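These notes concern the structure reproduced below.
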Amino acid sequence: MTTPLLEIKNLHASVEGNEILKGVSLTVNEGEVHSIMGPNGSGKSTLACVLAGHEAYEVTEGEMYFMGQDLTELDADQRACAGVFLAFQYPVEIPGVSTKFFLKAAVNAMRKYRGEDELDAMDFLDLVEEKAESVSLNTDLLDRGVNEGFSGGEKKRAEIFQMAMLDPKLCVLDETDSGLDIDALKIVSDGVNKLRDAGRGFVVITHYQRLLDHIVPDFVHVLMDGKIIKSGGKELALELEAGGYVAFENCGTECCCG
Amino acid sequence: MTTMTFNNTCFEKLHKSEAWMYTNVSALAKTEFAFATTFVDESIIREYDIAPANPLIVLINGKLHEEASRLCDGVTVNANHALQGSVASRGDSEIPSVECDTITIENAGKQTIHILQFVSGECPTAASGRVLIHASDHEEVSVAETHVCLGEETHLFMPLTEIVAGKEAKVTLVRAIRGSKTAYQLGQLHVCQEDSSNVQTHTITLAGKCSRHEVFAYLDGEHIESNFDGMYMLGDNQHVDNHLRVEHNKPRCNSREFYKGILDGNAKSVFTGRIYVEEGAVETDAMQTNQNIVLSDDANAISRPQLEIYNDDVACTHGATTGEIDEEAKLYLRSRGIPADSAETLLMYAFLNESLEDLADDEFRRALTGELLSTMPGGDFIRTL
Chain L
51 MTTPLLEIKN LHASVEGNEI LKGVSLTVNE GEVHSIMGPN GSGKSTLACV LAGHEAYEVT
111 EGEMYFMGQD LTELDADQRA CAGVFLAFQY PVEIPGVSTK FFLKAAVNAM RKYRGEDELD
171 AMDFLDLVEE KAESVSLNTD LLDRGVNEGF SGGEKKRAEI FQMAMLDPKL CVLDETDSGL
231 DIDALKIVSD GVNKLRDAGR GFVVITHYQR LLDHIVPDFV HVLMDGKIIK SGGKELALEL
291 EAGGYVAFEN CGTECCCG
Chain X
6 MTTMTFNNTC FEKLHKSEAW MYTNVSALAK TEFAFATTFV DESIIREYDI APANPLIVLI
66 NGKLHEEASR LCDGVTVNAN HALQGSVASR GDSEIPSVEC DTITIENAGK QTIHILQFVS
126 GECPTAASGR VLIHASDHEE VSVAETHVCL GEETHLFMPL TEIVAGKEAK VTLVRAIRGS
186 KTAYQLGQLH VCQEDSSNVQ THTITLAGKC SRHEVFAYLD GEHIESNFDG MYMLGDNQHV
246 DNHLRVEHNK PRCNSREFYK GILDGNAKSV FTGRIYVEEG AVETDAMQTN QNIVLSDDAN
306 AISRPQLEIY NDDVACTHGA TTGEIDEEAK LYLRSRGIPA DSAETLLMYA FLNESLEDLA
366 DDEFRRALTG ELLSTMPGGD FIRTL
């Protein structure tokens with residue numbers, strides 16, 4: 051049996067003493083796309099932050115493994131180098147350094163971590179051109195400050211562009227669809243779909259079903275009050291869309307609704 | 006030996022006045038200063054000669070060093086230049102001066118004229134330096150000044166620069182304080198602008214024990230654009246005081262003061278940005294910003310944005326922020342594989358580079374970025390990118 055890409059067991063996590071995740075279990079294998087859906091405040095973004103290694107979130111109980119490696123033992127940057135990528139819901143703006151400059155630092159930090167030679171300027175720019183095209187991102191934007199003055203759609207496309215540049219094993223997308231119009235949603239989804247392959251896994255966190263029309267998941271999980279209360283195939287998302295989260299509100303683990 | 010009109014007892018009580026309350030230079034009153042002319046090694050001059058293809062004026066302790074200079078049309082150097090009737094006489098600076106040569110740059114065109122002023126001596130040495138920049142109507146002048154105190158002595162440099170910009174004239178001035186961390190620099194910049202002129206100045210402090218940069222600007226015409234920018238990066242036992250007064254005397258002018266810096270150790274920065282809007286100077290748009298990152302508990306940033314407005318039709322904004330390195334931004338960089346210490350360096354660099362990016366002169370920007378990175382903890386990491 052192969053080691054799962056991501057294995058989360060009974061994960062509890064708190065921020066400032068408030069428990070947000072109350073026993074999440076999830077297994078993602080290579081090549082699978084898992085969607086986590088849930089209402090506001092259910093803990094979706096917390097799960098993303100905990101996976102990425104945000105220091106404000108404290109894991110109080112449970113385990114999480116990435117390719118068999120205990121994630122809690124790795125700092126945020128080590129997790130990234132190991133192959134975990136988080137596309138942020140609200141990417142930070144950093145005036146004063148361009149996206150190209152910053153990504154060169156990131157790409158080379160990862161290559162160094164893996165014991166590979168750093169990319170030279172030419173190879174790096176070739177990679178930038180190629181990956182920017184895959185998300186229809188105007189490369190002029192990459193000479194501006196990181197995310198500085200980007201529109202909502204440009205920020206999300208830039209996140210997917212970064213994901214393509216860094217070539218992670220596990221991609222966590224935190225509400226990548228928020229703030230996107232239909233056209234931008236399609237471009238971002240196409241970019242993500244191009245990255246789908248047998249060796250990569252995805253955790254797609256979203257509030258709405260519409261993203262899943264474009265990025266079709268293999269599994270859908272409903273997260274409520276810090277726990278996954280129901281898991282199923284892609285049809286579960288449609289069920290949610292029809293009945294709303296309210297229909298699941300009284301579900302326990304023994305629930306047989308739907 | 007030159008003669009001097011300089012009396013250092015004036016420094017004794019300066020900090021008791023409101024304008025100097027956060028900058029105490031009383032130690033200068035007890036220092037015995039020499040005023041001798043001296044010699045600076047050619048290799049040192051070459052080190053700071055960052056644009057060998059451009060005109061260069063080298064002054065050592067306020068005296069022209071002709072052999073090391075590359076003079077050009079539009080540049081004259083006089084032994085004396087009376088302060089009377091000059092723009093400087095309009096301000097109320099209390100900084101004294103020592104007799105020195107005066108450099109006059111007039112309508113020199115787009116090429117950047119570099120000025121390199123050294124203060125050097127085997128004992129504490131005081132010197133002044135005078136630069137008069139004059140752009141007639143529709144003319145353009147670009148000047149890059151580098152001020153370097155050499156050695157470990159408590160030198161005192163008192164540079165005085167004046168800018169006169171005629172109608173639709175454009176003047177760019179960048180000034181960098183480099184070299185010793187034991188010297189005092191008390192500088193004045195006086196700016197007078199006519200209709201539709203554009204003046205951009207940038208003052209960068211990377212050295213010195215105590216630096217005070219005074220800016221007095223008189224916007225005497227309409228539709229004037231003025232930018233007064235500044236940047237600093239200081240560590241233990243370093244102090245900078247940026248003290249500005251911008252007078253909007255006529256309608257429809259825009260001015261911006263934008264100062265930012267990083268303070269480590271027990272470094273201290275003071276920013277006082279006074280905007281004065283005269284009665285009748287309607288549609289004035291003035292902005293003042295001071296941003297600081299403090300890296301240690303002992304560092305101290307004092308911001309004093311001030312507005313003095315005598316009519317209703319103005320838009321004046323001011324903002325000051327002082328804080329640590331942004332943790333959210335740091336996490337963002339780390340989530341892309343950049344280690345924590347490199348992420349901090351990158352954020353510090355980004356913060357200051359936002360100010361350096363605006364420098365029009367490539368050589369100057371490159372030289373200063375280099376100096377910045379050699380001072381910044383972990384700066385070598387940025388060089389590899």
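Heads up: the protein sequence lines correspond to chains L and X, in order. Numbering follows the working numbering, in which position 127 of the first sequence is assigned residue number 177; successive positions increment by one, without gaps. Numbering follows the working numbering, in which position 112 of the second sequence is assigned residue number 117; successive positions increment by one, without gaps. Beta carbons: idealized from backbone N, C-alpha and C, even for Gly. Everything numeric in this text was worked out from a predicted model, so none of it was measured.
Boundaries cannot be given for Thr28(X), as no beta strand (DSSP E) includes it and DSSP labels it neither H nor E. DSSP, read as helix, strand or coil, puts Ile307(X) in strand.
The alpha-carbon separation between Ile298(X) and Ala306(X) amounts to approximately 9 Å. Shown here, Tyr315(X) sits in coil according to DSSP, grouped into three states, outside any helix or strand. Of all residues in the segment 148 to 160 of chain L, the ones placed with a Cβ closer than 9 Å to any Cβ belonging to chain X are Phe151, Phe152, Leu153, Lys154, Ala155, Ala156, Val157, Asn158, Ala159, Met160, in chain order. Contact between the segment 278 to 288 of chain X and the segment 306 to 320 of chain X is present, with at least three C-beta pairs closer than 8 Å. Glu376(X) is a Cβ neighbour of Leu211(X), given a cutoff of 8 Å. With fewer than three CB-CB distances shorter than 8 Å, the segment 34 to 47 of chain X does not count as touching the segment 315 to 329 of chain X. A Cβ-Cβ separation of about 4 Å places Val153(X) in contact with Gly184(X) under the 8 Å criterion.
CA-CA distance, Gly241(L) to Phe269(L), rounds to 20 Å. Straight-line measurement puts the Cα of Leu261(L) at about 7 Å from the Cα of Leu235(L). Taking Arg180(X) as reference, the option from Asn203(X), Val136(X), Glu288(X) with the minimal CA-CA separation is Val136(X).
For Ser216(X), there is no enclosing alpha helix (DSSP H); the residue is part of the beta strand (DSSP E) that begins and ends at 215 to 224.
Among the CB atoms of chain X, none fall inside 8 Å of the CB of Asp231(L).
Taking the Cα positions, Gly199(L) is about 35 Å away from Tyr295(L).
With a cutoff of 8 Å on beta-carbon distance, Lys273(X) and Ser360(X) are scored as not near each other. Only exposed fits Phe44(X), as fewer than 16 other CB atoms lie within 10 angstroms of its CB.
According to the DSSP secondary-structure assignment, Thr277(X) is paired through a beta bridge with His248(X), Arg309(X). CA-to-CA, the gap between Glu72(X) and Met213(L) works out to about 57 Å. Not flagged as an interface residue toward chain X: Ile210(L), since no C-beta distance is shorter than 8 Å. Residue range 149 to 163 is occupied by the alpha helix (DSSP H) that includes Ala159(L). Taking the C-beta atoms as reference points, Ala140(X) is found no nearer than 8 Å to Asp366(X).
At least 8 Å separates the CB of Ala98(L) from every CB of chain X.
For a cut-off of 8 Å, the C-beta gap from Lys181(L) to Phe211(L) is around 6 Å, short enough to register as a contact. Sequence-distant partners of Lys150(L) (beyond 5 residues in either direction) whose C-beta falls short of 7 Å from its own C-beta, in its chain, are Val178, Leu192, Asp193.
By the C-beta density criterion, Met381(X) is buried, having at least 16 other C-beta atoms within 10 angstroms. Contact between the segment 129 to 137 of chain L and the segment 96 to 104 of chain L is established, with three or more Cβ pairs separated by less than 8 Å.
For Tyr107(L), the nearest beta carbon of chain X is not closer than 8 Å to its own beta carbon. Sixteen is the threshold: when 16 or more other Cβ atoms of the shown chains lie within 10 Å of the Cβ of Asn158(L), as they do, the residue is buried. Contact annotation: in the segment 339 to 357 of chain X, residues whose CB is within less than 8 Å of a CB in chain L are Arg339, Ser340, Arg341, Gly342, Ile343, Pro344, Ala345, Ser347, Ala348, Leu351, Leu352, Tyr354, Ala355, Phe356, Leu357. Using a 10 angstroms sphere on the CB of Arg341(X), the tally of other CB atoms reaches 16 or more, which defines it as buried. In the assembly as shown, Gly67(L) is an exposed residue. Its beta-carbon has fewer than 16 other beta-carbons within 10 Å.
Setting aside the 5 residues that flank it on each side, Gly249(L) is surrounded in the same chain by Glu80, Gly81, Lys219, each with a C-beta closer than 8 Å to its C-beta; the list follows chain order.
Distances from the CA of Cys15(X) to each of Gly79(X), Leu191(X), Thr81(X) were compared; the closest alpha carbon is that of Leu191(X).
Around the CB of Thr53(L), fewer than 16 other CB atoms lie within 10 Å, so the residue is classed as exposed.
Residue burial is scored here from C-beta neighbours: Glu262(X) has at least 16 other C-beta atoms within 10 angstroms and is therefore classed as buried.
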